[in-house]
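Here is the structure we will look at.
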Amino acid sequence: MTPTEISYLTFGIVLLLALAFDLGLMSKKNVAITMKKALYQTFFWIVLSIAFCIFLWLEDGSTVATKFFTAYLMEWSLSIDNIFVFILIFTYLKVKESDTGRTLLIGILLAIVFRMVFIALGIELIERFHRLLYIFGAIL
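In the working numbering, the protein residues as written are 566 to 705.
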């Protein structure tokens, strides 16, 4: 296996284990999430990403690790505005505080799935119809 394949395999396995841990032990049904619990969960995911970054540094070198950590920080900073959107939606739809955790989790998992589908679809469209790249560029 190449170092890149090992990195992807490790990432996938660790992500699945971490999600199982988070969904199984840290997230209970119909229980409001306290500030303390939210901080613990956030700390868990930050430590996990830093550990994976260290793994990448050792496995693939500083360039790959730096790119990963830069992308992680960028995604984290871009997700801050989503919190305000979630608050607005939950308030408007009158979602009970005890249901927000599961609702948010389902929304995030669906967003990940849809993102993967649309990225794969976009790549396929661009490979077949190269001129679409100009249209996508104009939209952005």
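Just so it is clear, CB atoms sit at the ideal spot from N, CA and C, and this is done for glycine as well. Note that the coordinates shown come from a computational prediction; the quantities given were computed from them, not determined experimentally.
Within a Cβ cutoff of 7 Å, which residues of the same chain sit near Ala630, ignoring the five residues on either side of it in sequence?
Cys618, Leu621, Trp622
Where Met639 falls: helix, strand or coil (DSSP):
helix
*Run of the alpha helix (DSSP H) containing Gly702, from where it starts to where it stops*: It spans 697–704 - the alpha helix (DSSP H) in which Gly702 sits, taken as one unbroken run.
Measuring only the C-alpha atoms, how far is Ala706 from Thr628? Residue coverage of the chain in this structure runs from 566 to 705, which leaves residue 706 outside it and unanswerable.
Decide if Gly666 is buried, meaning its Cβ has at least 16 other Cβ atoms within 10 Å, or exposed.
buried
Worksheet item: Just how far apart, CA to CA, sit Tyr573 and Leu580?
Response: 10 Å
Open item on the list: Can you look up Gly626 in the DSSP assignment and give me helix, strand or coil?
Closed with: coil
- In terms of residues, what are the limits of the alpha helix (DSSP H) holding Leu670? 665–693
Mind checking Phe633: buried by the 16 CB within 10 Å criterion, or exposed? buried
| said: For the alpha helix (DSSP H) containing Ile578, name the first residue and the last one. | reply: 568–586
My understanding is that Ile704 touches Leu697, with C-beta atoms under 8 Å, so please give their C-beta distance in whole angstroms. No, Ile704 and Leu697 are not in contact; Cβ-Cβ is about 10 Å, not under 8 Å.
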